[in-house]
Every structure is written in C-alpha cells, then in structure tokens.
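Undergrad: What follows is a single structure, and I will ask about it in a moment.
Number of protein chains: 2
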Amino acid sequence: MTDSSAIVAALDRAGYRLTEPRRVVADLIADRAGHFTAANLVDDARERRLDVGRATVFRALELFIELHAVERVDLPSGEHAYVECEPVHHHHVICSQCARTTEVEACGMPAVTRDVARRTGFKIQSHRLELFGICPTCQSANSRRT
Amino acid sequence: MTDSSAIVAALDRAGYRLTEPRRVVADLIADRAGHFTAANLVDDARERRLDVGRATVFRALELFIELHAVERVDLPSGEHAYVECEPVHHHHVICSQCARTTEVEACGMPAVTRDVARRTGFKIQSHRLELFGICPTCQSANSRRT
DNA sequence: CTACCAATGAGACTGAGTATCGTCAACCGG
DNA sequence: CCGGTTGACGATACTCAGTCTCATTGGTAG
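Chains A and B are the protein sequences, given in the same order. Under my numbering, the first residue of the first sequence is numbered 1, with each subsequent residue one higher. Under my numbering, the first residue of the second sequence is numbered 147, with each subsequent residue one higher.
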C-alpha cells in the first residue's frame, strides 16, 4: 500500500485535470500490493461502490502509463497486467505466488545488449526484461508451513 | 523461409497425428520471415484458399508451443505474436521495422539474474527478455535510401 | 459566478481467444 | 487392404479485454 498522491502529483505537474475518477483509480492502484489488471480495478471500484466507468479506468491507466507512474508487464500466462512504479528505466521482479513486485535497475543489462548487438549486427533500441520468482516473504512462509 | 518439416517431425516424435491442417499451419509459419499473429495465419490461409478453421490455427499454435517449436513474444505495443524457434533456452531480438527475428543465447543473463537474486532476496525461477532494434538488413536499406 | 471544454459514463462495437458439438479422417490391428 | 476407434476438425456461439462514440457533467480559468 503506497500513497496515491505520487500519481496525483504527477498528473497535476503534467497539467491534467485532477478529477474525482482519476483520484479514485490512483487510490485503487495504491491499495494494491503487486500487479493488477484493468479488470481488477473495475471490480475493486464496484465493490467499494465507487462508481467509475470501465472506459474511464482504461483511460486513466493509459494516462498513468504516459506519465510513467504505471507500467505494463506481460505475465508468463500472456495476461496483460500493470504495476505502479518509478519513472526511471528499470525492470520488474514479480513473485509468481503473491504477485508482489519489486523494481531493480539490473545494471548488468548494458553489457548484455552490447554483446547481443555485436553478435547479431542489430542496432538495439529497447529491451524488455521481466523476472519471475518467489519473493522472500513467500519463501519463508512456504518453509514455515513445511 | 525455413522448412516446415522441423515442426512436422516434432509432432510425429511426440506422437501427435500428422493431419493436413497441421501441415498447412506449419507451412504458413515456415513461410513467414519474422513474428506473426494468429490472425496473420488465418488470413494467409484464406488468401491461399487453404481452408483451415480459426479454432484449428489456435489449437495448432498451442500445440507447437508445447513442443517448443514456436514461442510467444509480446511486442512493445502489447500485441501477442509468435515466432518459430529452436527448442532450447534463448531470447529473441526483434526488428521493429521488418519483424525479422533472431535468436540469441544471451549468455550474460545468468550473471544478471544472480545479481538480482542477491539484491532482492527473490528466488528467480524464470525470466523473459526481449530485445527490439533494427536488423542489419534494414539498417543498410535505410542508409542507402538516405 | 460563469462559461468553456476536457473528461466522464453508458453502451455499442471489435477482435482475440475459448468452448461446444456433430462430423471426419489418421492411424492401428487384423 | 480395409474397417473401427478416437483424436482432430470446422462451424459457430460465446466471453472478455480494450476501443469508440456521443450526450452530459464538472474542473478550472478568468
């Protein structure tokens, strides 16, 4: 549970209107620990009786992505999910058990892309790296349960 | 343009029936240089008057993925695409101009995942790395056209 | 306070992918 | 070579994510 104010602040800074639905979506995102889908947010909103249209959730997500406050990730299942994150280049480590997500800068990557560029002749423009595993919390929970 | 026989052979080896539609889908895939979507294959089939049902294309793709003859990749646009590939762990370098795809082993990765594991405490199980750039062919084509 | 216009919500629409089911043809045994 | 078994097929209906349209609303500047 982070603070939705970071997203709201980013909106304000970029000159977008601070509307009620956008605040609501930012809150819902802040209240989620790990990754989530657009459908998750729609359900959350309905459960809390905060009426936000489906289209609005998609529009808000799109906007937040543009502001780099949220990023899209692709789960191994092929599903599209989103994660709240910092606006700098980084990658995500995703717990396949509890969905919790951590950001890493993965400084080793430049060496890898340079190597690939040299071997293939491609001019590398961007890359996407997603790591899946078990987070420390789930690891200890698992071992306790024997 | 590779040879569809690799896929067909894999089917046979795994004990699946070698049906006409599966051969057709394997051919269509072999005739594509880079990545493709399920819809691409359906269109290709229709154009060539090779009647293969939509459902069958999806089933064939699913099967080929299980046999590791084809792999799913996620384009930066969020689209799901597929690429033909070898059945060993590797990554794809995708040309954002012509969709041509190359496989690399990206040997630098183990160091990166080890580093990430150490810093985050996660037990890394798998990772997904996709590189996007301009392939040598497109690079020279671009510079010639000045 | 008011007016303007960006943003909203309802709902129609599209397109990917899945499920169902009656029919068909690939493979096996004889 | 032939017939039976059954896995695969195609048609079609369906679901679900995401997009688009358009009339209405509410944030903000002045």
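All residues carry an ideal CB built from backbone N, CA and C; glycine is no exception.
How about Phe210 of chain B: is its C-beta nearer than 8 Å to some C-beta of chain A?
TA: Output row for Phe210 of chain B: interface = no.
Undergrad: Comparing the C-beta of Thr259 of chain B with each C-beta of chain A, is any distance below 8 Å?
TA: With 8 Å as the cut-off, Thr259 of chain B counts as an interface residue toward chain A.
Undergrad: 8 Å is my cut-off, CB to CB: does Val229 of chain B come that close to chain A?
TA: No, its Cβ sits nowhere closer than 8 Å to a Cβ of chain A.
Undergrad: Can you tell me the Cα-Cα spacing of Gly53 of chain A and Ile29 of chain A, whole angstroms?
TA: For Gly53 of chain A and Ile29 of chain A, the distance between alpha carbons rounds to 16 Å.
Undergrad: Would Thr247 of chain B and Val229 of chain B be called neighbours here (beta carbons separated by less than 8 Å)?
TA: Taking 8 Å as the Cβ cut-off, Thr247 of chain B and Val229 of chain B qualify as a contacting pair.
Undergrad: Can you find a C-beta in chain A that's less than 8 Å from the C-beta of Pro233 of chain B?
TA: Not an interface residue.
Undergrad: Identify which residue in A:Gln97, A:Val25, A:Asp115 has its Cα closest to the Cα of Gln139 of chain A.
TA: Among A:Gln97, A:Val25, A:Asp115, the Cα nearest to that of Gln139 of chain A belongs to A:Gln97.
Undergrad: Would DSSP call Ala141 of chain A helix, strand or coil?
TA: Looking at Ala141 of chain A - three-state DSSP - the assignment turns out to be helix.
Undergrad: Is the stretch 44 to 51 of chain A in contact with the stretch 87 to 95 of chain A, if contact means three or more CB pairs nearer than 8 Å?
TA: Counting Cβ pairs under 8 Å, fewer than three are found: no touch.
Undergrad: Could you confirm whether any beta carbon from chain B is found closer than 8 Å to the beta carbon of Phe58 of chain A?
TA: Phe58 of chain A does not count as touching chain B.
Undergrad: Of the residues A:Asp74, A:Gly133, A:Leu61, A:Arg128, which one's Cα is nearest the Cα of Asp27 of chain A?
TA: Ranking the options by Cα distance to Asp27 of chain A, first place goes to A:Leu61.
Undergrad: From what residue to what residue does the alpha helix (DSSP H) around Leu174 of chain B run?
TA: Leu174 of chain B -> alpha helix (DSSP H) spans 166 to 176.
Undergrad: So which residues on chain B does Phe132 of chain A lean against when the C-beta distance must stay under 8 Å?
TA: Within chain B, the residues near Phe132 of chain A are Ile270, Gln271, Ser272, His273, Arg274.
Undergrad: Locate the beta strand (DSSP E) running through Phe132 of chain A, then write down its first and last residues.
TA: 123 to 134 is the span of the beta strand (DSSP E), which, as asked, contains Phe132 of chain A.
Undergrad: Beta-carbon within less than 8 Å of His273 of chain B's beta-carbon, same chain only, minus the 5 sequence neighbours each way: which residues are those?
TA: Met255, Thr259.
Undergrad: Would you kindly work out how many angstroms separate the C-alpha atoms of Glu212 of chain B and Asn288 of chain B, rounded to a whole number?
TA: For Glu212 of chain B and Asn288 of chain B, the distance between alpha carbons rounds to 38 Å.
Undergrad: Spatial neighbours of Phe64 of chain A within its chain, please: CB distance less than 7 Å, with the 5 preceding and 5 following residues excluded, ordered by chain position.
TA: Around Phe64 of chain A: Ile7, Val70.
Undergrad: Ends of the beta strand (DSSP E) at Ala81 of chain A?
TA: Counting along the chain, the beta strand (DSSP E) containing Ala81 of chain A begins and ends at 80 to 84.
Undergrad: With a floor of 3 residues, list each beta strand (DSSP E) that falls wholly inside the stretch 187 to 237 of chain B, ordered by position along the chain.
TA: Entirely contained in the stretch 187 to 237 of chain B, the beta strand (DSSP E) runs reaching 3 residues are, in chain order, 216 to 220, 226 to 230.
Undergrad: Which residue wins for smallest C-alpha separation from Cys135 of chain A, given the options B:Arg290, B:Phe278, B:Gly267?
TA: When each option's Cα is compared against that of Cys135 of chain A, the closest is B:Gly267.
Undergrad: How far does the beta strand (DSSP E) with Thr266 of chain B in it reach, from first residue to last?
TA: Run containing Thr266 of chain B: none in the beta strand (DSSP E); it sits in the alpha helix (DSSP H), 255 to 266.
Undergrad: Within 8 Å of any Cβ in chain A, is that where the Cβ of Asp189 of chain B sits?
TA: So, not an interface residue.
Undergrad: Does Arg159 of chain B come out as helix, strand or coil in the three-state DSSP assignment?
TA: The answer is helix: DSSP assigns Arg159 of chain B an H, G or I state.
Undergrad: Any beta carbon from chain B within less than 8 Å of Pro76 of chain A's own beta carbon?
TA: Yes, Pro76 of chain A lies at the interface with chain B (some Cβ there is under 8 Å from its Cβ).
Undergrad: Starting from Cys135 of chain A, find everything on chain B with Cβ-Cβ shorter than 9 Å and list it in chain order.
TA: Result: Thr266, Gly267, Phe268, Lys269.
Undergrad: What does Gly34 of chain A pair with, by DSSP beta-bridge criteria?
TA: Bridge partners of Gly34 of chain A: none, in fact.
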